[in-house]
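See below for the structure under consideration.
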Amino acid sequence: MLSGFIDGWADYLNQSIDQRPPTYLTGDGADVIPDALPLNETSNQVLTINSTFETTNAVVETTAYIFLQEASFKRILDNQLSSESTPIPLDKLQAFSQMAAKGGDTAGDNITTMTGIETTVTISRMSFLPIEQIGPRLGDEQHVGVVAELTGLPTGYILILFDEASGETIAEAMGTGEVTDGFEELHKSAIEEIGNIMISGFVDGWANVLSTSNQHTPPEFVHDFASAIVDPIMLDFATTQEYVFGFDTLIQTTSEPVQCQILALPRAEELKQALDELSISELSADVEAKMKADPKSLFDNHAE
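Counting from 1 along the sequence shown, just add 712 to a position and that's the residue number in the working numbering.
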């Protein structure tokens, strides 16, 4: 598998890439990562490539974690970009990924504020993937949540999705009563309300850092399979781009069995435009401080 992967990469780059024999690893989480790796200490990020292999009997998913020396990775990108490309500098993508992670923290805090359920952000990652892979990335289960369209700069979409059991828990924690026979209008309104507050905290932080007036349309309740939820988004993006930058965050709770996934999908060209207007020093110097939206203003501005 490694040889095929690396040989394909070498063919594309039109150069030779050597590899050492692989070493067997086993363990949990970060325990499997060897000590001697060229990690990016400033961003603490790693390049990952997900692949799915289908056979007549099974579907096998694999993830390759690639620890590249940052200087050589940038050199590869510089050599491969054409004049028609619209690249986003790597350092700005890293800073924007940090913004997405902080936005996930804020969204988790808003869940706690509105429901009293303590939360933790367990995964936050930036993905660059073909548009048709958005649905598979979310899985094939039924989801409950909201979808909103981003306006301003950059435009795009943002989804907040719960599995069905988590959606029931959140709706009931909002004081709607027990969900016994599907999501009734009161439950849907509760999901839309908490989704509105979560998205606002997420997007307002982006606007603070990017110095834009980024807003969003009122979130719309969705309850369907992931593929059906994202199909309209895929059709919209497909008219202008083949790939999409996805910023997804998984929020879990410490007590109740609740999982929430946030997927932000900005339009690539407009994301580049917004980042081009900032220097990397402006973008990365105080991401933490600028991402802090005023909690009181969120509830004041979006109270119905």
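For glycine and all other residues, C-beta sits at the position ideal for the given N, C-alpha and C.
Scanning the region 899–966 from its first residue to its last, the whole alpha helix (DSSP H) runs of 4-plus residues come out as 938–950. Inter-segment contact for the region 807–827 and the region 898–916 is present: three or more beta-carbon pairs are separated by less than 8 Å. The Cβ-Cβ distance between residue 909 and residue 769 does not fall below 8 Å. Cβ-Cβ distances below 6 Å link residue 866 to 978, 979, 982, 983, 986 in the same chain, with the five nearest sequence neighbours on each side left out; the list follows chain order. For the beta strand (DSSP E) assignment, the uninterrupted runs of no fewer than 3 residues enclosed by the region 819–875 are, from N- to C-terminal side, 831–842, 854–863, 868–875. Around the beta carbon of residue 777, a 10 Å sphere encloses fewer than 16 other beta carbons of the protein chains shown; the residue is thus reported as exposed.
Here DSSP, grouped into helix, strand and coil, assigns residue 976 to strand. Counting only the Cα atoms, residue 727 lies some 15 Å from residue 715. The alpha carbon of residue 894 has as its nearest neighbour, out of 886, 877, 885, the alpha carbon of 877. DSSP links residue 766 through a beta bridge to 771. If you look at residue 736, you'll find it isn't in any alpha helix (DSSP H); DSSP assigns it neither H nor E.
The straight-line gap separating the alpha-carbon atoms of residue 855 and residue 956 is approximately 21 Å. In the DSSP annotation of this structure, the continuous segment of the alpha helix (DSSP H) that includes residue 720 starts and ends at 714–725. Taking 8 Å as the cut-off, the Cβ atoms of residue 852 and residue 937 count as close. Going by C-alpha positions, residue 804 is about 21 Å away from residue 927. Using a Cβ distance threshold of 8 Å, residue 846 and residue 958 count as a contacting pair. With fewer than 16 other CB atoms across the displayed protein chains lying within 10 angstroms of its CB, residue 767 is exposed.
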